[in-house]
Amino acid sequence: MSSSSSTPNSTTRFRDDLFCFYGDRMQVHTSWTNCNPGRRFMSCPNYGSNRRCRKFKFLDVELPNEYYKDLMFQNHMQLRKLERDNQLEHCKDYT
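Using numbering that gives the first Met the number 0, the first residue of the sequence shown is number 0, and each one after it goes up by one.
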């Protein structure tokens, strides 16, 4: 004889984490804000749009303190500057 349970199993919870409230597949992004630099998260593809779906979940733990947050953010900003400078140099090669 089998028994049934009303408690959702791990497969159901996993599936719920993959889809937003509208049934769309969640997308993985990386935050580059001062508060959460380099922290990956999942959100609805409509996050911030007119549909106003608010489903959001961090995948990474928060960095332990402000020192590491500042360090990660500054490294990211330096890398972006180097990439922009490199693109400008690349454009100059073709002029």
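Yeah, the Cβ is synthetic: ideal placement off N, Cα and C, and Gly gets one too. These numbers come from a predicted model, not from an experiment.
For secondary structure counted as the beta strand (DSSP E) over 3 or more consecutive residues, the segment 10-86 holds these complete runs in sequence order: 26-30, 38-42, 55-57. Distance check between Thr29 and each of Phe20, Leu62, Tyr67, Phe40 places Phe40 closest, using alpha-carbon atoms only. Put simply, the backbone Cα of Ser48 is about 19 Å away from that of Leu17.
For the 7 Å CB-CB criterion, Cys52 and Cys19 form a contact. With respect to the C-alpha of Glu61, the residue from Pro36, Asn85, Cys43, Pro44 having the closest C-alpha is Pro36.
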